[in-house]
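The structure appears right after this line, and notes come after that.
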Amino acid sequence: MAPLAQPARRHIVPTNLSECMSNDRMREQLAFLAEIDALKTIVRQSPLADRSRRENSAEHSWHLAMFALVFADDATVDTARVIQMLLVHDIVEIDAGDTPIHGDHDRQAVAAREEAAADRLFGILPEDQAANLLALWQEFEAAQTPEARFAKALDRLQPLLLNTLTGGGTWAENGVSEADVLARYGPTIERGSTALWRHARTLVERHFADAGVDRG
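For the sequence shown, counting from 1, position 33 maps to 33 in the working numbering; every step adds exactly one.
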């Protein structure tokens with residue numbers, strides 16, 4: 001299954017603004033902020049809870065940041081760092097596109113596209129900020145720190161919640177069984193938070209029991 005993405009055009013700071021700015025650092029920051037507006041054009045598979053349309057990657061990132069904020073009292077991690085990771089984790093999709101969880105993908109090819117995207121997009125920023133945001137993205141991808149594991153857990157939990165709120169969402173569209181859901185979502189969520197996985201597993205089990213579909 002190919003990534004769900006629309007070609008994103010390169011954004012630049014308007015000429016009149018660029019010409020009147022003597023501050024190179026701010027010019028680079030504005031160029032980056034203009035560029036990442038394109039994240040709003042990357043359509044994901046997950047539906048909105050009201051089923052009116054599919055969410056975009058910018059909405060997904062905002063929602064995840066809110067997940068981290070709301071669950072801050074229950075987490076034993078640096079919530080501010082988790083939120084920072086979640087805000088940058090999908091910026092690479094501007095160039096690389098979204099890669100849905102359901103489907104077979106060439107992981108090496110996906111990783112190569114995303115690494116190239118990270119280098120280009122974060123490289124628009126001043127050098128120090130580029131290095132910091134790239135490090136955040138790499139930490140999220142590696143999933144070795146408690147903060148990254150928690151961020152990864154939320155990244156799985158959010159679409160899981162949306163699917164249970166929309167009659168199965170992408171699970172129903174792709175014929176995904178309960179066993180598949182538990183296998184694809186469970187390890188990542190549980191690794192980040194056993195408490196969140198206990199609740200998430202209950203949501204999954206109730207959904208499939210109520211839906212009366214294949215439980216695998």
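Glycine included, each C-beta is placed from N, C-alpha and C at the ideal position.
Inter-residue spacing [alpha-carbon to alpha-carbon] between residue i and residue j
i, j, result
"E115", "F67", "26 Å"
"Y185", "A143", "15 Å"
"L160", "V204", "8 Å"
"T166", "E178", "15 Å"
"E55", "E35", "19 Å"
"T194", "N23", "47 Å"
"L4", "A80", "Residue confidence is low: L4 scores 47 on pLDDT, short of 50, so the model does not pin down where it sits. No coordinate-derived value is stated."
"I42", "D73", "32 Å"
"R53", "A211", "22 Å"
"M1", "P100", "Because the pLDDT of M1 is 40, which lies under 50, any placement of that residue in the model is unreliable, and the question is left without a value."
"A172", "A209", "14 Å"
"D37", "D78", "27 Å"
"L48", "G169", "9 Å"
"A183", "Q158", "16 Å"
"T145", "A111", "20 Å"
"R156", "D50", "20 Å"
"M26", "G123", "14 Å"
"F71", "E28", "34 Å"
"R191", "L30", "37 Å"
7 Å Cβ cutoff met for residue i and residue j
i, j, result
"F32", "L125", "yes"
"T164", "H199", "no"
"K152", "T202", "no"
"D98", "R44", "yes"
"H102", "V181", "no"
For residue i: DSSP bridge partner residues
i, result
"N56", "V43"
Contact belief for residue i with residue j at Cβ below 8 Å, rounded distance in angstroms
i, j, result
"L121", "V92", "7 Å"
"S61", "D90", "5 Å"
"V82", "E147", "5 Å"
"S57", "L69", "Not quite, the Cβ-Cβ distance comes to about 19 Å (not below 8 Å), so this is no contact."
"A96", "R113", "4 Å"
"I94", "A109", "Wrong, their Cβ atoms sit about 17 Å apart, outside the cutoff."
Candidates the options: closest to residue i by CA position
i, options, result
"L162", "R107, L64, F140, D73", "L64"
"F150", "K40, V110, W197", "W197"
"V88", "E59, V176, P47", "E59"
"F140", "S52, S61, D210, M85", "M85"
"D119", "G103, A109, Q138", "Q138"
"A75", "Q29, D37, L154", "L154"
"D104", "N174, E28, E190", "N174"
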